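One structure below.
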Amino acid sequence: MTHQIEESTRVLHVVDRTTGGVPVAVRAYIANSPAGFEHHILSPLGGDGLAASVWTGTDAHHHDLGQGAVRRIRAVRRAVRAVSPGVVHAHSSFGGAYARLAFLRRRVVVVHTPHCYSFNRTDTRTSVRRLYRAAEWALGWRTDVVAACSASEAQLASAMRSIRGRVLVLPNVASLAAPPTEPSTPIDRPLRVGMLGRVSRQKDPEEFLRIVGRLRAAGVDVDPMWIGDSETGSSKALSSGGVSMTGWITGQDLVDALSSLDVYIHSAAWEGFPIAVLDAHQLGLPILVRPITAFGRLDPRQTTSADGLTALADAVSSEPEFTAWRAGNRATWSEYLRSNTPAEQQRALSLAWSRTR
Numbered sequence: 028m029t030h031q032i033e034e035s036t037r038v039l040h041v042v043d044r045t046t047g048g049v050p051v052a053v054r055a056y057i058a059n060s061p062a063g064f065e066h067h068i069l070s071p072l073g074g075d076g077l078a079a080s081v082w083t084g085t086d087a088h089h090h091d092l093g094q095g096a097v098r099r100i101r102a103v104r105r106a107v108r109a110v111s112p113g114v115v116h117a118h119s120s121f122g123g124a125y126a127r128l129a130f131l132r133r134r135v136v137v138v139h140t141p142h143c144y145s146f147n148r149t150d151t152r153t154s155v156r157r158l159y160r161a162a163e164w165a166l167g168w169r170t171d172v173v174a175a176c177s178a179s180e181a182q183l184a185s186a187m188r189s190i191r192g193r194v195l196v197l198p199n200v201a202s203l204a205a206p207p208t209e210p211s212t213p214i215d216r217p218l219r220v221g222m223l224g225r226v227s228r229q230k231d232p233e234e235f236l237r238i239v240g241r242l243r244a245a246g247v248d249v250d251p252m253w254i255g256d257s258e259t260g261s262s263k264a265l266s267s268g269g270v271s272m273t274g275w276i277t278g279q280d281l282v283d284a285l286s287s288l289d290v291y292i293h294s295a296a297w298e299g300f301p302i303a304v305l306d307a308h309q310l311g312l313p314i315l316v317r318p319i320t321a322f323g324r325l326d327p328r329q330t331t332s333a334d335g336l337t338a339l340a341d342a343v344s345s346e347p348e349f350t351a352w353r354a355g356n357r358a359t360w361s362e363y364l365r366s367n368t369p370a371e372q373q374r375a376l377s378l379a380w381s382r383t384r
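Counting in the numbering used here, the sequence shown runs from 28 upward without gaps.
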């Protein structure tokens, strides 16, 4: 089947937040957009009535989503009337709810990217997660396309069996354009490990501390770093555990901080697919991740903090062994992330924003 793209098609992105990975992903969608699309972002504006700084440099028109669930649903309706988009692309669980509860006219293609379904959260009761799943099932009937950010997220969408249209994978891409850095070997100094993200329950600083503790128990001298800001008081445990904190950094400061690491460790308890991992890979770092559903089909011995720490601890005692371990880890990740490219993202966007249902 041929998917036709109208050159004058407008895409309205419904984005309920201006921090974290979701707006970063949306920026990439717009940067890698197929030709012929005009982009509008419906997102909370600042107190000065201007678009948030995360959107700086993004080629898009901006509209205010406002605050409060009912007002945001109405804001979606107003924006659709004003913009007349061919596609409404709703991002995350709340953005998806606002767009689909607006009961848009049938000729508007409604695309939803969950960026991690709410029912994947592990910090809520089972009964709450069941409610989240039921809500997504009900809203699925008003969804033309689920553009999942990973294969595992696509599988979750398909399993609900209520999506009236298509399910496809829209891969995330790295947000940093810097080339890989020249690696160094931590033989005569502490092993520098780090995590990138907001200090929060999702990113799970306690798990990061447990991983650092396991490395230290194995005799590895570790210099841990957390790259990102924190919720009030939530960084105390990290500081007490000897973890250095960078605070919120961007641009070259972020590149420099990530590049200073020997190993990137991702400790999050749930994810759609983290851009932080893609950025670490872009900079040439070996990566160990917590074995969560976002990382399906990975070799746990090479790539996870659950099964890969022993091999890492053994490797740091010798430069040839660490070099070999790093090369093996990098090769595994390169194969796993082979589809997370701007070209593949653009191809998936062409399908997601197609008028073919």
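Glycine included, each C-beta is placed from N, C-alpha and C at the ideal position.
From a predicted model like this one, the values you see are computed outputs, not experimental measurements.
Would you mind working out which of the options sits nearest residue i, comparing C-alpha positions?
{"i": "A162", "options": "L72, G123, P251 and V81", "result": "G123"}
{"i": "S377", "options": "M252, V138 and G47", "result": "V138"}
{"i": "G246", "options": "L336, L131 and D86", "result": "L336"}
{"i": "N356", "options": "N367, R216, S366 and L339", "result": "L339"}
{"i": "R133", "options": "H142, E234 and S111", "result": "S111"}
{"i": "D283", "options": "I254, T140 and L265", "result": "I254"}
{"i": "R169", "options": "A109, Y125, E348 and A333", "result": "Y125"}
{"i": "A87", "options": "H40, P71 and Q94", "result": "H40"}
{"i": "S145", "options": "R374, I302 and W297", "result": "W297"}
{"i": "R99", "options": "V115, L128, V114 and D75", "result": "L128"}
{"i": "G256", "options": "L195, R37 and G47", "result": "Checking the sequence shown, residue 256 turns out to be Asp, not Gly. Considering only alpha carbons, the answer is G47."}
{"i": "Q182", "options": "D171, L195 and V172", "result": "L195"}
{"i": "D150", "options": "P369, V270, D171 and S227", "result": "S227"}
{"i": "P217", "options": "A370, S344, E371 and Q373", "result": "S344"}
{"i": "L281", "options": "G269, A303, G299 and G268", "result": "A303"}
{"i": "E348", "options": "F130, P232, T212 and A52", "result": "T212"}
Below 8 Å between beta carbons: does that hold for residue i and residue j?
{"i": "A106", "j": "H118", "result": "no"}
{"i": "V200", "j": "A55", "result": "yes"}
{"i": "I190", "j": "G224", "result": "no"}
{"i": "T331", "j": "P313", "result": "no"}
{"i": "R37", "j": "E65", "result": "yes"}
{"i": "Q329", "j": "T359", "result": "yes"}
Do you know offhand how far residue i's Cα is from residue j's?
{"i": "A96", "j": "V81", "result": "22 Å"}
{"i": "L265", "j": "I238", "result": "12 Å"}
{"i": "A342", "j": "Y291", "result": "15 Å"}
{"i": "S361", "j": "T208", "result": "16 Å"}
{"i": "R241", "j": "Q229", "result": "21 Å"}
{"i": "H392", "j": "A102", "result": "Within the shown structure, residues of the chain are numbered from 28 to 384, placing residue 392 beyond reach of any answer."}
{"i": "Y363", "j": "D43", "result": "30 Å"}
{"i": "L69", "j": "V316", "result": "33 Å"}
{"i": "R152", "j": "P141", "result": "20 Å"}
{"i": "G73", "j": "P50", "result": "15 Å"}
{"i": "A175", "j": "Q309", "result": "22 Å"}
{"i": "A79", "j": "T277", "result": "15 Å"}
{"i": "H116", "j": "S294", "result": "29 Å"}
{"i": "S262", "j": "V136", "result": "42 Å"}
{"i": "L288", "j": "P206", "result": "15 Å"}
{"i": "G221", "j": "M252", "result": "5 Å"}
{"i": "S271", "j": "D250", "result": "8 Å"}
{"i": "R193", "j": "V114", "result": "14 Å"}
{"i": "I32", "j": "Q279", "result": "Note on I32: pLDDT 44, under 50, position unreliable in the model; the coordinate value appears next. Cα-Cα distance, rounded: 37 Å."}
{"i": "G5", "j": "R188", "result": "Past the boundaries of the shown model lies residue 5; the chain is included only from 28 to 384, so the question cannot be answered."}
{"i": "A178", "j": "G269", "result": "36 Å"}
{"i": "F322", "j": "P71", "result": "31 Å"}
{"i": "I214", "j": "L285", "result": "19 Å"}
{"i": "P61", "j": "L236", "result": "42 Å"}
{"i": "P327", "j": "F121", "result": "33 Å"}
{"i": "R382", "j": "V172", "result": "11 Å"}
{"i": "G299", "j": "S366", "result": "16 Å"}
Mind checking which residues open and close the beta strand (DSSP E) that includes residue i?
{"i": "E65", "result": "E65 to S70"}
{"i": "R216", "result": "Taken as a continuous stretch (DSSP letters only), R216 belongs to no beta strand (DSSP E), as it is neither H nor E."}
{"i": "L39", "result": "R37 to V42"}
{"i": "V114", "result": "V114 to H118"}
How far does the alpha helix (DSSP H) with residue i in it reach, from first residue to last?
{"i": "A62", "result": "No alpha helix (DSSP H) holds A62; DSSP gives it neither H nor E."}
{"i": "R324", "result": "No alpha helix (DSSP H) holds R324; DSSP gives it neither H nor E."}
{"i": "G48", "result": "G48 to A58"}
{"i": "S361", "result": "E346 to Y363"}
{"i": "Q372", "result": "P369 to A379"}
{"i": "A342", "result": "L336 to A342"}
Give the list of continuous beta strand (DSSP E) stretches no shorter than 3 residues that lie fully inside the region 240-318. Qualifying beta strand (DSSP E) stretches, in chain order: 249-254, 290-293 and 314-316.
What residue ranges within the region 130-203 form continuous alpha helix (DSSP H) runs of no fewer than 4 residues, ordered along the chain? The DSSP assignment places complete alpha helix (DSSP H) segments of no fewer than 4 residues inside the region 130-203 at 153-167 and 178-187, in order along the chain.
In the region 70-105, which residue ranges form an unbroken beta strand (DSSP E) of at least 3 residues, counting only runs that do not cross its ends? Within the region 70-105, the complete beta strand (DSSP E) runs of at least 3 residues are 88-91.
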